[in-house]
Amino acid sequence: MKNKPQPICGNNPSGRRDFLRKASIGGLSMGLLGKNAEEIISTGFDASRSESSSSSKIRITDLRVAMIGRGLVVRVTTDAGISGYGQIEAVGLKGPGYKPFVLFYKDYLLNEDPTNVERVMMKIRRMGGFKPWGSAVSAIEMALWDIAGKAANLPVYKLLGGKVRDQVRAYASYGEGIRFTVEGTTPQHYRDWAEKIKASGYGFTIIKENLAFQTPMKNDPNFTYRNLTRSARGSREYYYYRGPLKISGYKMLADHVEGMRRGLGDEIDLGLDFGPGFMLSDAIKVAKLLEPYNPIWLEDMLTGDYNPYVLADNYRRLTESTTAPIHTGEQIYLRQNFLELIDRHAVDILGPDPADMGGISELKWVSEHADLYGIQMAPHGTFNGLLGLAAQVQVGATMPENYIAFEYTQANPSWWYDIVEGLPDPIVRDGLIDVWDRPGMGVDFIVSEARKHLSDEDRNFFD
Ligand SMILES: [Mg+2]
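According to this note's numbering, the residues represented by the sequence shown are 4 to 466, in order.
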């Protein structure tokens with residue numbers, strides 16, 4: 004059953020109850036609290052209810068997972084009638100076949116108090132891993148925060164320390180009406196491409212484009228000396244492309260970036276996502292080659308999506324060799340695995356994905372730590388869906404001043420917009436999203452609508 008969230012208000016009765024209960028635990032008798040306390044009590048505090056609520060906890064009763072469109076959705080249910088939701092990108096290795104990896108954690112969660120998010124996470128965090136394994140852990144963490152917020156009648160950002168910004172910036176990446184193909188190689192083609200971006204209505208001031216190993220360029224015989232036999236038919240394509248660059252490959256890259264940069268003018272920043280991956284010496288040469296075009300960042304030049312390692316020293320050499328900001332981190336699980344990148348000043352910008360790194364509290368921690376080292380944050384999340392978008396907004400509101408923008412994600416398919424409530428309309432204005440104040444993550448299913456999109460296998464998901 005759907006938990007109908009209530010708007011938060013300044014005089015939250017449950018908040019007062021918590022304060023008084025804590026004051027009582029701290030040794031203050033009700034008599035010492037005096038008249039003001041009595042007045043507070045008369046407006047909502049019930050000592051007998053407080054007594055029982057302090058001894059009774061919310062308990063997790065179930066963990067469920069369902070495919071809804073292209074989103075793999077995790078639901079944690081409780082005996083208080085509150086449910087929390089999280090979402091896993093349903094691309095690459097993640098999809099319907101990924102359900103067992105989520106359900107693996109069910110026995111660790113049952114009967115735990117979901118509002119003790121960290122204590123629950125200590126049980127399951129150690130049982131995760133680099134992308135895609137950490138995705139299940141991350142979605143569960145988001146569902147726990149969703150419950151904790153709803154139980155406290157507060158938006159999650161309040162539980163993370165409160166917001167430092169009222170609007171969270173997003174950057175454009177994949178998406179209908181967001182990213183457009185450059186139809187040719189003349190200056191006019193690049194101007195036309197840029198005009199489409201500017202006319203899209205989102206007002207993004209940062210756009211990220213794929214290049215090199217993220218595009219068909221990787222198969223161009225003039226691009227690299229890469230020489231591997233393709234995977235057998237019927238199996239998944241070998242995903243991790245690497246190869247030594249040819250001189251003609253450098254020219255392709257420089258021409259393309261120059262064209263894009265000229266098309267965009269000075270109004271929009273351009274980030275470039277390369278894959279992985281270049282050989283280290285090629286990456287150094289490419290970064291220097293592209294410096295004159297002032298990219299906002301160069302992403303995943305050496306490692307990236309689905310690489311279960313970090314290679315911090317290689318990144319350090321690359322970063323020290325160029326003024327172009329070097330960016331990576333979307334596949335990395337847990338704060339500990341960001342430590343070398345941060346402590347060695349091995350990158351300029353980190354791009355963790357809260358739906359892969361272990362959740363939003365991991366992102367908050369990494370952001371705070373990175374800020375001490377002069378490293379900026381541009382979190383990944385292009386396929387995380389609308390629940391992933393909600394999580395980015397909640398944590399993005401609380402991140403320090405090293406925050407640039409998160410990677411915007413769209414509903415997939417578009418009917419996802421019709422099965423949730425709580426999103427602003429339009430969601431993005433001038434590249435910014437207003438932080439909403441609904442409890443929990445603040446984006447909730449309209450169950451009667453969402454239920455229509457469940458397969459037979461998942462038909463009991465919302466029951
Ligand atoms: Mg990337």
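Beta carbons: idealized from backbone N, C-alpha and C, even for Gly.
Asked: Just to confirm before moving on: does the CB-CB distance between residue 322 and residue 279 stay below 8 Å?; Found: no
Asked: Should residue 375 go down as buried or exposed, given a rule of 16 or more other Cβ atoms within 10 Å for buried?; Found: exposed
Asked: Mark residue 449 as exposed unless 16 or more other C-beta atoms lie within 10 angstroms of its C-beta, in which case mark it buried.; Found: exposed
Asked: Start and end of the alpha helix (DSSP H) containing residue 209?; Found: Not the alpha helix (DSSP H): residue 209 falls in the beta strand (DSSP E), residues 209-213.
Asked: Suppose you measure from the CA of residue 471 to the CA of residue 100; what does that come to, to the nearest Å?; Found: Residue 471 lies beyond the residue range present for the chain, which begins at 4 and ends at 466; the question has no answer from this structure.
Asked: Is residue 92 a contact residue of ligand 1, with contact defined as CB to any heavy atom under 7 Å?; Found: no
Asked: Is residue 179 helix, strand or coil by DSSP?; Found: coil
Asked: Should residue 113 and residue 63 be called a contact, given that it needs their Cβ atoms to be closer than 8 Å?; Found: yes
Asked: Can you give the Cα-Cα distance for residue 430 and residue 203, rounded to whole angstroms?; Found: 13 Å
Asked: Between which two residues does the beta strand (DSSP E) holding residue 170 run?; Found: 170-174
Asked: Are there any heavy atoms of ligand 3 lying less than 7 Å away from the beta-carbon of residue 307, as far as the coordinates show?; Found: Within the structure as shown, ligand 3 is missing, the only ligands being ligand 1.
Asked: If you draw a straight line from the alpha carbon of residue 154 to that of residue 118, how long is it in whole angstroms?; Found: 8 Å
Asked: Closest by CA to residue 212, which one among 201, 175, 377, 233?; Found: 175
Asked: Tell me the rounded alpha-carbon separation between residue 401 and residue 388.; Found: 21 Å
Asked: Identify every run of the alpha helix (DSSP H) within the region 366-410, keeping only runs that are complete inside it and at least 4 residues long; order them along the chain.; Found: 388-399
Asked: Please confirm whether residue 342 and residue 360 have their CB atoms less than 8 Å apart.; Found: no
Asked: Among the residues of its own chain, which have a CB less than 8 Å from the CB of residue 268, if the five just before and after it don't count?; Found: 197
Asked: Could you have a look at residue 294 and say whether DSSP puts it in helix, strand or coil?; Found: helix
Asked: In this structure, does DSSP put residue 81 in helix, strand or coil?; Found: strand
Asked: Going by the C-beta, is residue 276 closer than 7 Å to any heavy atom of ligand 1?; Found: yes
Asked: Can you tell me which residues form a DSSP beta bridge with residue 443?; Found: 158
Asked: Where residue 139 and residue 190 are concerned, what is the direct C-alpha to C-alpha distance, given to the nearest angstrom?; Found: 45 Å
Asked: Does the region 411-421 come into contact with the region 177-184, if we say contact requires no fewer than three beta-carbon pairs (one atom in each stretch) closer than 8 Å?; Found: yes
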